[in-house]
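A.B. asks: Structure below; questions to follow.
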Amino acid sequence: MAMAKRFEITHQTAFPKGAFLRGPVEPVTDFQAEQRPDGSRPQQRDKETGRLLWQCTVIDGDDEAGRREIGVTVKFAAEHQPVPPKNTSALPWTPVEFVGLTALPYVDDSGRRPRIAWSFRAQGFVTPGQQVGHSEPKAAA
Numbered sequence: 001m002a003m004a005k006r007f008e009i010t011h012q013t014a015f016p017k018g019a020f021l022r023g024p025v026e027p028v029t030d031f032q033a034e035q036r037p038d039g040s041r042p043q044q045r046d047k048e049t050g051r052l053l054w055q056c057t058v059i060d061g062d063d064e065a066g067r068r069e070i071g072v073t074v075k076f077a078a079e080h081q082p083v084p085p086k087n088t089s090a091l092p093w094t095p096v097e098f099v100g101l102t103a104l105p106y107v108d109d110s111g112r113r114p115r116i117a118w119s120f121r122a123q124g125f126v127t128p129g130q131q132v133g134h135s136e137p138k139a140a141a
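Numbering (the UniProt record's numbering), first residue to last: 1 to 141.
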């Protein structure tokens, strides 16, 4: 039996104390692509689907998360920029729950000692507690 590199994981398993969006959803820059005449680079595309890649930074609400695990990047493969839910909380960050979350373990050897790290992908996000089943995030207006 072959195990898939990327596997499905529930939001509650990855973020048992919640996840909070910090900043905007941004395009992932393709640093392997040739620079444009203006010096910019194109947006990276997902190797499997060909869709554009977007990313956001979330704060892991777990008090026991280490300093290197508090800020987590979650990526989306979508033709249109994912739109986060509206922040109706009193917090400066938007509480979010990821839909269609997958994880990919890898070895991060950028520090003094190598460690297991996680790469996350999601199909979208909703306000925590919403039961929404969709395959692609809503487009930005």
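All residues carry an ideal CB built from backbone N, CA and C; glycine is no exception.
Any beta carbon of chain C sitting closer than 7 Å to that of R36?
C.D. replies: In the structure shown, chain C cannot be found, because there is only a single protein chain.
A.B. asks: Mark K47 as exposed unless 16 or more other C-beta atoms lie within 10 angstroms of its C-beta, in which case mark it buried.
C.D. replies: Result: exposed.
A.B. asks: Assign P95 to buried or exposed, taking buried as 16 or more other Cβ atoms, counted over all protein chains shown, within 10 Å of its Cβ.
C.D. replies: Label assigned to P95: buried.
A.B. asks: Return the residue from the list A14, V28, D60 that minimises the CA-CA distance to A78.
C.D. replies: The shortest C-alpha separation from A78 is found at V28.
A.B. asks: Shortest alpha-carbon distance to H80 belongs to which of N87, Q55, D62?
C.D. replies: That would be Q55, whose Cα lies nearest to the Cα of H80.
A.B. asks: In terms of residues, what are the limits of the beta strand (DSSP E) holding T88?
C.D. replies: First-last for T88: undefined, no H or E at that position.
A.B. asks: State buried or exposed for Q44, treating a residue as buried only when at least 16 other CB atoms are found within 10 Å of its CB.
C.D. replies: When all chains shown are included, Q44 counts as buried.
A.B. asks: So which of P24, A103, T13, T10 has the shortest CA-CA distance to V83?
C.D. replies: Of the listed residues, the one whose Cα sits closest to V83 is P24.
A.B. asks: Going by CA-CA distance only, name the one from G111, Y106, V72 that's closest to R6.
C.D. replies: R6 has its Cα closest to that of Y106, out of G111, Y106, V72.
A.B. asks: Using DSSP's beta-bridge definition, name the partner residues of E97.
C.D. replies: V126, per the DSSP bridge assignment.
A.B. asks: By the three-class DSSP mapping on this structure, what secondary structure does Q32 have?
C.D. replies: Here Q32 sits in coil by DSSP.
A.B. asks: Identify the continuous alpha helix (DSSP H) that holds T49 and give its terminal residues.
C.D. replies: Note, T49: premise wrong, no alpha helix (DSSP H); not H, not E.
A.B. asks: Once the 5 residues before and after T102 are set aside, which same chain residues still bring their CB inside 8 Å of it?
C.D. replies: So the qualifying residues of the chain are R6, F7, E8, I9, F120, R121, A122.
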